[in-house]
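Peer 1: Here it is, the structure in full.
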């Protein structure tokens with residue numbers, strides 16, 4: 010797949026991982042309530058567990 014659309018395998022993995030972003034984080038991004046210092050680069054290596062994502066981005070599992 011990556012060769013057909015000229016995107017590296019690693020980048021495709023990063024994009025696919027966004028499907029597993031915690032609902033609260035998705036909702037906050039859509040509504041403009043994400044942490045002020047959150048950058049797209051921060052989402053490249055997200056933990057799979059929602060509780061760990063919340064800890065990483067909000068400082069506690071909200």
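In the working numbering, the protein residues as written are 10 to 71. Using N, Cα and C, we set each Cβ at its ideal position, and we do this for glycine too. None of these values were measured; they are calculated from a predicted model.
Whole angstroms are fine: how far does the CA of residue 62 sit from the CA of residue 25?
Peer 2: The straight-line gap from Cα to Cα measures roughly 16 Å.
Peer 1: Count the other CB atoms within 10 Å of the CB of residue 14; is the residue buried (16 or more) or exposed (fewer)?
Peer 2: Result: exposed.
Peer 1: What distance in whole Å lies between the Cβ atoms of residue 67 and residue 32, which are believed to be in contact at a cut-off of 8 Å?
Peer 2: Not confirmed; about 13 Å, so no contact.
Peer 1: Roughly how many angstroms lie between the CA atoms of residue 40 and residue 30, to the nearest whole one?
Peer 2: So the two alpha carbons sit approximately 15 Å from each other.
Peer 1: Buried or exposed: where does residue 21 fall if 16 or more other Cβ atoms within 10 Å of its Cβ makes it buried?
Peer 2: With fewer than 16 other Cβ atoms within 10 Å, it is exposed.
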